[in-house]
Amino acid sequence: LCPPGVLPLCCRPPAWDRAPRQPPGLPLAPCRSFSNNKIQVELDESSGVAMMKFKSPPVNSLSLDFLTEFSISLEKLENDRACRGVIITSAVPKIFSSGLDIMEMCGKSVEHYAEFWRAVQEMWLRLYGSSMVTVAAVNGSSPAGGCLIALSCDYRIMAENPKFSIGLNEAQLGIVAPFWFKDLFVNVVGHRTAECSLQLGSLYPAPEARRFGLVDELVPEEKLLEKAAAVMAQWLALPDHARQLTKSMMRKALLDRLVAHREEDIKNFISFISKESIQKSLRMYMEMLKKRKS
Amino acid sequence: LCPPGVLPLCCRPPAWDRAPRQPPGLPLAPCRSFSNNKIQVELDESSGVAMMKFKSPPVNSLSLDFLTEFSISLEKLENDRACRGVIITSAVPKIFSSGLDIMEMCGKSVEHYAEFWRAVQEMWLRLYGSSMVTVAAVNGSSPAGGCLIALSCDYRIMAENPKFSIGLNEAQLGIVAPFWFKDLFVNVVGHRTAECSLQLGSLYPAPEARRFGLVDELVPEEKLLEKAAAVMAQWLALPDHARQLTKSMMRKALLDRLVAHREEDIKNFISFISKESIQKSLRMYMEMLKKRKS
Amino acid sequence: LCPPGVLPLCCRPPAWDRAPRQPPGLPLAPCRSFSNNKIQVELDESSGVAMMKFKSPPVNSLSLDFLTEFSISLEKLENDRACRGVIITSAVPKIFSSGLDIMEMCGKSVEHYAEFWRAVQEMWLRLYGSSMVTVAAVNGSSPAGGCLIALSCDYRIMAENPKFSIGLNEAQLGIVAPFWFKDLFVNVVGHRTAECSLQLGSLYPAPEARRFGLVDELVPEEKLLEKAAAVMAQWLALPDHARQLTKSMMRKALLDRLVAHREEDIKNFISFISKESIQKSLRMYMEMLKKRKS
Numbered sequence: 072l073c074p075p076g077v078l079p080l081c082c083r084p085p086a087w088d089r090a091p092r093q094p095p096g097l098p099l100a101p102c103r104s105f106s107n108n109k110i111q112v113e114l115d116e117s118s119g120v121a122m123m124k125f126k127s128p129p130v131n132s133l134s135l136d137f138l139t140e141f142s143i144s145l146e147k148l149e150n151d152r153a154c155r156g157v158i159i160t161s162a163v164p165k166i167f168s169s170g171l172d173i174m175e176m177c178g179k180s181v182e183h184y185a186e187f188w189r190a191v192q193e194m195w196l197r198l199y200g201s202s203m204v205t206v207a208a209v210n211g212s213s214p215a216g217g218c219l220i221a222l223s224c225d226y227r228i229m230a231e232n233p234k235f236s237i238g239l240n241e242a243q244l245g246i247v248a249p250f251w252f253k254d255l256f257v258n259v260v261g262h263r264t265a266e267c268s269l270q271l272g273s274l275y276p277a278p279e280a281r282r283f284g285l286v287d288e289l290v291p292e293e294k295l296l297e298k299a300a301a302v303m304a305q306w307l308a309l310p311d312h313a314r315q316l317t318k319s320m321m322r323k324a325l326l327d328r329l330v331a332h333r334e335e336d337i338k339n340f341i342s343f344i345s346k347e348s349i350q351k352s353l354r355m356y357m358e359m360l361k362k363r364k365s
Numbered sequence: 072l073c074p075p076g077v078l079p080l081c082c083r084p085p086a087w088d089r090a091p092r093q094p095p096g097l098p099l100a101p102c103r104s105f106s107n108n109k110i111q112v113e114l115d116e117s118s119g120v121a122m123m124k125f126k127s128p129p130v131n132s133l134s135l136d137f138l139t140e141f142s143i144s145l146e147k148l149e150n151d152r153a154c155r156g157v158i159i160t161s162a163v164p165k166i167f168s169s170g171l172d173i174m175e176m177c178g179k180s181v182e183h184y185a186e187f188w189r190a191v192q193e194m195w196l197r198l199y200g201s202s203m204v205t206v207a208a209v210n211g212s213s214p215a216g217g218c219l220i221a222l223s224c225d226y227r228i229m230a231e232n233p234k235f236s237i238g239l240n241e242a243q244l245g246i247v248a249p250f251w252f253k254d255l256f257v258n259v260v261g262h263r264t265a266e267c268s269l270q271l272g273s274l275y276p277a278p279e280a281r282r283f284g285l286v287d288e289l290v291p292e293e294k295l296l297e298k299a300a301a302v303m304a305q306w307l308a309l310p311d312h313a314r315q316l317t318k319s320m321m322r323k324a325l326l327d328r329l330v331a332h333r334e335e336d337i338k339n340f341i342s343f344i345s346k347e348s349i350q351k352s353l354r355m356y357m358e359m360l361k362k363r364k365s
Numbered sequence: 072l073c074p075p076g077v078l079p080l081c082c083r084p085p086a087w088d089r090a091p092r093q094p095p096g097l098p099l100a101p102c103r104s105f106s107n108n109k110i111q112v113e114l115d116e117s118s119g120v121a122m123m124k125f126k127s128p129p130v131n132s133l134s135l136d137f138l139t140e141f142s143i144s145l146e147k148l149e150n151d152r153a154c155r156g157v158i159i160t161s162a163v164p165k166i167f168s169s170g171l172d173i174m175e176m177c178g179k180s181v182e183h184y185a186e187f188w189r190a191v192q193e194m195w196l197r198l199y200g201s202s203m204v205t206v207a208a209v210n211g212s213s214p215a216g217g218c219l220i221a222l223s224c225d226y227r228i229m230a231e232n233p234k235f236s237i238g239l240n241e242a243q244l245g246i247v248a249p250f251w252f253k254d255l256f257v258n259v260v261g262h263r264t265a266e267c268s269l270q271l272g273s274l275y276p277a278p279e280a281r282r283f284g285l286v287d288e289l290v291p292e293e294k295l296l297e298k299a300a301a302v303m304a305q306w307l308a309l310p311d312h313a314r315q316l317t318k319s320m321m322r323k324a325l326l327d328r329l330v331a332h333r334e335e336d337i338k339n340f341i342s343f344i345s346k347e348s349i350q351k352s353l354r355m356y357m358e359m360l361k362k363r364k365s
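Protein chains in written order, with the working numbering: chain A, 72 to 365; chain B, 72 to 365; chain C, 72 to 365.
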């Protein structure tokens with residue numbers, strides 16, 4: 072994707088990215104060597120649009136490996152001057168992403184929790200802070216972290232199938248969405264809807280999600296990518312520089328807030344997830360999922 | 072309601088409640104001895120839901136006595152581990168609450184104004200900061216402070232009678248809603264609607280209030296309590312701990328802001344209400360109310 | 072308009088106006104001597120309502136002269152105790168205002184850019200911070216700075232002609248709306264709509280603008296002023312003092328933010344507008360406008 076020696080011209084890295092990295096940070100691969108194990112990336116150089124397809128069956132859960140690959144892929148595209156926009160979708164039928172991988176949060180060491188949570192943060196800082204146009208083509212259910220990915224894009228199109236649902240349902244699992252999930256959600260749907268929805272851990276069928284602005288548009292599933300390409304073309308018709316500065320102006324406050332509280336947020340996550348009561352809830356939830364499958 | 076020696080287990084008091092009390096604070100009664108003069112409280116231990124009925128005719132106005140009893144009742148329920156949710160409604164026909172008692176703001180001493188305003192703040196900090204699920208079953212008109220009570224709950228259901236109206240109509244009386252009424256209103260209906268509505272002191276018939284989200288749902292009056300119980304059951308189906316942390320995350324900024332500016336807010340109230348022009352407005356308003364009655 | 076020796080009684084100048092002026096500030100004329108070159112102002116003393124008509128053909132663009140006259144007119148009315156409200160409309164067919172005058176931003180000196188931008192800020196601080204009731208009667212298209220003027224009023228009524236459009240379309244010209252345009256826009260239409268709309272530089276036909284609250288009401292063009300007068304009467308029915316304090320409470324945070332960052336905002340504008348790439352964009356845009364005309 073990324074010819075050697077090419078320096079990013081249009082895409083100055085966002086401000087949060089110029090701060091010195093935390094020592095135990097995400098080991099970012101150099102630009103040219105990345106393997107596409109869990110995410111398939113294709114860049115159409117003529118349009119400047121990359122297609123990113125999650126292909127980590129059964130449910131595209133956001134494991135440490137998935138998150139790392141996602142961040143690396145985003146960084147590469149960000150630094151590739153041939154790329155101006157990304158469409159994010161799923162290669163797995165019926166699911167966009169099931170959200171954070173519960174396996175990474177269950178019975179692991181404190182060090183593992185820290186590494187995992189830092190990878191979640193890193194992914195979000197890259198995606199929400201991207202200077203590229205980002206369009207989510209949500210072709211399946213998208214709970215919790217899956218919804219976070221969609222919310223972090225510039226535009227959300229969802230397949231109009233009422234069997235597909237989307238929402239920040241953490242409360243249903245007995246866990247709490249971190250403050251930056253909340254800030255993001257408030258920005259998209261407003262304070263009142265966010266308050267009610269986060270407390271109830273609500274998942275919304277696509278048509279309902281559309282009604283209150285959690286997604287921007289519904290189209291028949293077979294027309295989803297075509298529509299995403301059309302929306303992308305509309306956004307890319309604008310001059311990059313003004314659009315990027317505008318995007319940064321709208322998103323800087325939230326990005327800065329996480330960057331300022333990043334270590335504290337990791338500590339909070341570790342302390343919460345290490346509680347025996349929370350571990351028990353998660354184990355019960357996983358049992359339930361296993362039973363459902365069989 | 073509250074067996075002796077029971078310590079609250081599920082409900083850690085919210086952060087604002089752990090700060091040292093102001094010396095001239097609300098004289099909170101010990102847990103077991105409270106009289107139900109103006110508010111009837113019944114706890115159904117099987118469901119964990121308390122019903123709180125305002126019964127202070129003619130209009131459930133928020134006098135110092137009413138506010139004190141309201142705060143004490145809320146504190147008791149908060150500390151009662153058998154109680155997880157409260158439904159707030161009125162036992163007086165056609166009125167939920169008429170708001171702050173103008174008698175407490177007219178021709179009284181500076182000390183009285185301070186005590187009264189502290190009681191208003193205390194009630195709001197307890198209600199908005201409650202870790203219980205709070206549902207307002209608005210079965211009558213609900214102007215000014217009555218609207219504040221409804222806005223502070225987790226969910227608002229209103230009788231669909233267009234003769235019942237709700238809103239923050241302070242401007243119509245020539246007075247100004249304090250900043251925390253405003254912050255709360257903005258969180259529920261958004262900045263634009265709040266700005267317009269507060270300047271005009273608008274009261275909205277129930278159907279209109281529903282349209283822009285000032286109330287969440289309308290039902291025929293005879294089904295109001297049944298619906299409130301159903302909504303409560305839905306909220307109580309969630310694990311308490313995650314729901315409470317989520318609620319606190321959503322509401323902490325507003326609660327903290329009042330706690331930080333509490334004494335200043337009291338001073339502002341005293342200085343405003345002591346003005347002869349304001350006293351005159353309030354006297355004229357009371358005259359008008361008296362004439363209406365006769 | 073303004074009898075000699077009259078001190079403003081009802082309208083205490085807003086807080087931002089009591090700070091010492093910046094030395095190179097807007098040269099405000101003394102109260103009695105103003106010429107109506109670009110804006111026609113008529114005060115009806117019986118109703119207390121002034122009508123302000125933009126009459127600077129061909130498109131009421133906001134030149135330095137226009138902005139200066141606008142600020143002076145607003146200041147006079149603010150200080151005139153006979154005036155309680157202003158209706159702002161256009162005397163030029165089909166256009167309310169085309170926004171900031173590009174001629175003022177093209178090929179001029181750094182000193183000129185500074186003077187111009189200070190005049191833009193001054194106009195906005197006066198209009199958004201006015202203690203009078205302000206109603207925009209938008210009787211034509213209203214892009215960019217024209218939209219800013221409408222957004223800064225208390226209420227927006229637009230002619231229901233779908234050929235008239237309104238919006239903050241700066242991004243389409245390759246320029247970026249400053250943070251206070253953005254803050255204002257977020258307050259009126261919410262964060263999500265503002266983010267999308269600012270990035271795309273969207274202009275909305277009147278009916279669409281109404282749908283998401285960018286304007287409050289649509290009426291047939293011939294009834295626009297009649298409707299504006301009726302809305303004004305409704306707002307003036309409220310006691311001035313409470314309404315003004317409420318308005319100030321809602322708007323103070325935004326006004327304070329610009330006052331605190333005024334010099335920085337001017338520097339940002341100069342540095343951005345002085346870029347050769349931006350100058351080139353603006354020249355191309357002006358060429359396009361010229362071709363359209365001929």
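Even for Gly, the Cβ is constructed at its ideal location relative to N, Cα and C. Only a predicted model underlies this, so the values are computations on that prediction, with no experimental measurement involved.
I341 (chain A) versus L135 (chain A) - alpha carbon distance: 15 Å
Assumed close pair V209 (chain C), V286 (chain C) - CB separation to whole angstroms, cut-off 8 Å: 7 Å
Where the region 287–320 of chain A meets chain C: residues whose CB sits under 8 Å from a CB there: D287, Q305, W306, L309, P310, H312, A313, R314, L316, T317, K318 and M320
Residues of its chain near A242 (chain B), where Cβ-Cβ distance is below 7 Å and the 5 sequence neighbours each way are ignored: L269, Q270, L271 and G272
Neighbour list for K338 (chain B) in chain C, Cβ cutoff strictly below 8 Å: Ordered by position in chain C, no residue passes the 8 Å Cβ test against K338 (chain B), which lies about 15 Å from the chain.
L295 (chain B) versus A324 (chain B): straight-line alpha-carbon distance, rounded: 32 Å
Through-space distance from T160 (chain C) to M194 (chain A), alpha-carbon basis: 49 Å
Inter-residue Cα distance where the pair is P291 (chain C) and N232 (chain C): 7 Å
Which of helix, strand or coil DSSP assigns to D336 (chain C): helix
With 16 other Cβ atoms within 10 Å as the buried cut-off, status of A248 (chain C): buried
Exposure of R363 (chain A), with buried meaning 16 or more beta-carbon neighbours within 10 Å: exposed
M123 (chain C) in three-state terms, based on DSSP: strand
Near-chain C residues of the region 253–277 of chain B - C-beta to any C-beta below 9 Å: K253, V257, G261, H262, R263, T264, A265, E266, C267, L269, Q270, L271 and G272
Distance, M320 (chain A) Cα to D336 (chain B) Cα: 33 Å
Under 8 Å between C-beta atoms of L353 (chain A) and C177 (chain A): yes
3-residue-minimum beta strand (DSSP E) runs that sit fully inside the region 274–320 of chain A, ordered along the chain: 288–290
Selection from A:E186, A:L198 and A:F235 that minimises the alpha carbon distance to F167 (chain A): A:F235
Proximity to S142 (chain B) [Cα-Cα], best of B:S118, B:S201, B:A153 and B:S117: B:S201
Outcome for D327 (chain A) when other beta-carbon atoms lying within 10 angstroms are tallied against a minimum of 16: exposed
Neighbouring residues, chain C, relative to I246 (chain B) (Cβ below 7 Å): A313
Under the three-state DSSP convention, the category M229 (chain B) falls into: strand
Spatial neighbours of A162 (chain B) in its chain, beta-carbon cut-off 8 Å, leaving aside the 5 residues before and after: Q111, K124, F125 and K126
Enclosing alpha helix (DSSP H) for I246 (chain B) [first to last residue]: Where I246 (chain B) is concerned, there is no enclosing alpha helix (DSSP H), given that its DSSP letter is neither H nor E.
Residue nearest to L239 (chain B) in terms of C-alpha spacing, selected from B:M203, B:W188, B:A265 and B:M229: B:A265
Alpha-carbon to alpha-carbon, G217 (chain A) and P164 (chain A): 14 Å
Whole-Å CB distance - L145 (chain B) paired with R197 (chain B), under 8 Å assumed: 4 Å
Under 8 Å between C-beta atoms of S169 (chain B) and N131 (chain B): yes
Cutoff 6 Å; reference N179 (chain A); Cβ partners in own chain excluding five residues on either side: Looking at the sequence itself, residue 179 (chain A) is Lys, so the reference to Asn does not match. Closer than 6 Å at Cβ, skipping near neighbours: no residue.
Residues of the region 233–244 of chain C whose Cβ lies closer than 9 Å to any Cβ of chain A, in chain order: E241, A242, Q243 and L244
Residue range of the beta strand (DSSP E) that includes A207 (chain B): V204 to V209
Three-state secondary structure (DSSP) of K253 (chain C): helix
Backbone CA spacing between E288 (chain B) and W306 (chain B) [nearest angstrom]: 15 Å
Supposed close pair A190 (chain C), L138 (chain C) - CB separation, criterion 8 Å: 4 Å
K147 (chain A), DSSP secondary structure in three states: helix
Extent of the continuous alpha helix (DSSP H) run through S161 (chain C): Segment G156 to S161 is the beta strand (DSSP E) holding S161 (chain C); no alpha helix (DSSP H) there.
Contact check, G284 (chain A) vs V259 (chain A), beta carbons under 8 Å: yes
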